[in-house]
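Visitor: Pasting a structure below so you can have a look.
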């Protein structure tokens, strides 16, 4: 007796669909109405997301699968499947789009907003006063702008959590005050456009560095970092050792890892045990249990790996990845290096205690990419994603033109041109099963110099701001 798929009961059919790839499901649903209806169920796409996306180490949302509507879940799974195939291929291709974000002035910062269904993109620019502009990622249309009168922004941190009402924190400098404001993106009515609303405020000279849910990390340019819960008003003080040889050791990143807060400064990295927050006056000062320096570098980016499928709520046993762009002391050197380091957790329970060290120091170098370029590094931003993919801007190579000047009056002489490029790479891991790092794409910039970038690994999207006020969006 020959059985057809449509004659199978629902439980058996669910097992069949769970074993199919995403393209197979999309093709099969076109054969008859029953399979079309069956393939549109929530449980079908939850099973596919679990087996073909999460367990394969493909970038995906940290939110529970049950929290998405079936249509949204299907769209996210299909997008993630495409990204996984793209990153595992020998090279990737970007689809470019762009728009003018400011009138001639440079874009100072650009950020994707993780919450709000990853719908929003913000740019920071400055005329007489600073301005934050909100853009809709779906059509690249301007939604609203926020520019407090007579204020200049000194720092901004975007909330890494997808489920928090707060979207970002910004430090405002006025002639008589300095304040950090917590902003939400809200709408006054269902049909009205969204805008920025201040939901909390703190008078402080320290600048916002990182935000995760209700926790905000603020730091000075020397040694002190504050972890502040803007909802409960509780806080903790983290004190890094002062290096007398460093005139300025600016804080560039604060990472909320498992049982550890990692404070990344321009020339050093300090690991603190997760502190207990307390209300004012909190006089307890926490000191690092370990520290490390990578020497003179152009940038450091630390990434917290995604949760394991068997432990979706925690990061226990997961190493941290540290991407370092080295700075060569030799001014005639034609190379610089992108080095990936690993901070491994303690291997046994007797090596750590509840309030003690959790990660082993010093970190170990995993791999490196030698970049044969020399030129001015105008955009120092680089982003290492949780799944091991990274993007950065590689400066144009001044040596291409040699000693020839383009301003030659005696005769017309063609001068070789070089362009800065966006580099996309996959480091060893689930998306790159090789032992060596792989550069997947180098996208040339034919416009004005880039000034900033951000990278949404889950969506496979890069945003770059330029000195001319233009924004370039690159989608994988």
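Numbering (full-length UniProt numbering), first residue to last: 1 to 476.
From the three backbone atoms N, C-alpha and C, an ideal C-beta is built for every residue, glycine too.
This structure is a prediction, so every number in the text was calculated from the model and none was measured.
Can you give me the Cβ contacts of residue 564 inside the same chain, cut-off strictly under 6 Å, excluding the 5 residues immediately before and after it?
Guide: Nothing can be reported for residue 564: it is not among the residues displayed for the chain, which extend from 1 to 476.
Visitor: Quick one: what does DSSP say residue 15 is sitting in, helix, strand or coil?
Guide: Reduced to three states, the DSSP call for residue 15 is helix.
Visitor: Smallest Cα separation from residue 202: which of 216, 196 and 270?
Guide: Ranking the options by Cα distance to residue 202, first place goes to 216.
Visitor: Compute the Euclidean distance between the alpha carbons of residue 14 and residue 62, then round it to the nearest angstrom.
Guide: Straight-line Cα distance between these residues: approximately 24 Å.
Visitor: Taking the C-alpha atoms as reference points, what is the distance between residue 56 and residue 430?
Guide: Cα to Cα, the separation comes out at about 7 Å.
Visitor: Could you please give me the residues that DSSP links to residue 438 through a beta bridge?
Guide: Per DSSP, 426.
Visitor: At the level of alpha carbons, what is the spacing between residue 67 and residue 82?
Guide: Their backbone Cα atoms lie some 22 Å apart in a straight line.
Visitor: Report yes if the C-beta distance between residue 436 and residue 59 is below 8 Å; otherwise report no.
Guide: Going by C-beta atoms, residue 436 is not nearer than 8 Å to residue 59.
Visitor: According to DSSP, is residue 385 helix, strand or coil?
Guide: Of the three classes helix, strand and coil, the one that applies to residue 385 here is coil, per DSSP.
Visitor: Is the distance from the Cβ of residue 273 to the Cβ of residue 250 below 8 Å?
Guide: In this structure, residue 250 does not lie closer than 8 Å to residue 273 by Cβ.
Visitor: Return the CA-CA distance between residue 466 and residue 447, expressed in angstroms with no decimal places.
Guide: For residue 466 and residue 447, the distance between alpha carbons rounds to 8 Å.
Visitor: Exposed or buried, which one is residue 23 when buried takes at least 16 other CB atoms within 10 Å?
Guide: Residue 23 is exposed by the Cβ-count criterion.
Visitor: Assuming the contact rule is C-beta atoms closer than 8 Å, residue 199 and residue 166 should be a hit. Round their C-beta distance to whole Å, please.
Guide: Contact flag correct, Cβ pair sits at about 6 Å.
Visitor: For residue 16 and residue 79, I'd like the C-alpha separation in whole angstroms.
Guide: Rounded to whole angstroms, residue 16 to residue 79 spans 22 Å at the Cα level.
Visitor: I'd like to confirm the pairing. Which residues does DSSP put opposite residue 472 in its beta bridges?
Guide: Beta-bridge pairing links residue 472 to 98 and 464.
Visitor: Run through DSSP, which three-state label would residue 70 get?
Guide: Residue 70: helix per DSSP, three-state reduction.
Visitor: If we call anything under 8 Å between Cβ atoms a contact, is residue 440 one with residue 463?
Guide: In this structure, residue 463 does not lie closer than 8 Å to residue 440 by Cβ.
Visitor: Can you look up residue 25 in the DSSP assignment and give me helix, strand or coil?
Guide: Helix, per DSSP.
Visitor: Could you please give the first and the last residue of the uninterrupted beta strand (DSSP E) stretch that includes residue 322?
Guide: 320–326 is the span of the beta strand (DSSP E), which, as asked, contains residue 322.
Visitor: Give the secondary structure of residue 8 by DSSP, where H, G and I count as helix, E and B as strand, and everything else as coil.
Guide: Coil, per DSSP.
Visitor: Tell me which same chain residues have a C-beta within less than 8 Å of the C-beta of residue 232, skipping the five on either side of it?
Guide: Counting only Cβ-Cβ distances below 8 Å, and skipping sequence neighbours, we find 214, 277 and 279.
Visitor: Tell me which same chain residues have a C-beta within less than 8 Å of the C-beta of residue 179, skipping the five on either side of it?
Guide: For residue 179, where only same-chain residues beyond five positions count, the Cβ hits under 8 Å are 171, 172, 201, 202, 203 and 204.
Visitor: Beta-carbon within less than 7 Å of residue 142's beta-carbon, same chain only, minus the 5 sequence neighbours each way: which residues are those?
Guide: 133 and 135.
Visitor: Expressed to the nearest angstrom, what Euclidean distance is found between the alpha-carbon atoms of residue 378 and residue 146?
Guide: About 26 Å.
Visitor: Could you name the residues of the same chain whose beta carbon sits closer than 8 Å to that of residue 49, not counting the 5 residues immediately before and after it, in chain order?
Guide: Excluding sequence neighbours, residue 49 sits near 60, 65, 73, 76, 77 and 80.
Visitor: Output the boundary residues of the beta strand (DSSP E) element that contains residue 38.
Guide: Segment 33–38 is the alpha helix (DSSP H) holding residue 38; no beta strand (DSSP E) there.
Visitor: Would you mind reading off the limits of the alpha helix (DSSP H) that contains residue 48?
Guide: Counting along the chain, the alpha helix (DSSP H) containing residue 48 begins and ends at 42–48.
Visitor: Tell me whether residue 478 sits in a helix, a strand or coil according to DSSP, three-state version.
Guide: Only positions 1 to 476 of the chain appear in the structure, and residue 478 is not among them; the question remains open.
Visitor: Need the endpoints of the beta strand (DSSP E) that residue 132 sits in, please.
Guide: 130–136 is the extent of the beta strand (DSSP E) around residue 132.
Visitor: When DSSP builds the beta bridges, which residues end up paired with residue 211?
Guide: Residue 211 is bridged to 159 and 216.
Visitor: Looking only at C-alpha atoms, which of 5, 287 and 269 sits nearest to residue 295?
Guide: It is 269.
Visitor: If we ignore side chains and look at the alpha-carbon of each, how far apart do residue 376 and residue 395 end up?
Guide: Each residue's Cα considered, the two are about 6 Å apart.
Visitor: Does the beta-carbon distance from residue 386 to residue 304 come in below 8 Å?
Guide: Contact flag set, yes.
Visitor: Cα-Cα, which of 98, 359, 358 and 342 is closest to residue 367?
Guide: Measuring from the Cα of residue 367, the nearest candidate turns out to be 342.
Visitor: Kindly list the residues whose CB is nearer than 7 Å to the CB of residue 287, restricted to its own chain and excluding five residues on each side of it in sequence; keep chain order.
Guide: Excluding positions up to five away in sequence, the list reads 239.
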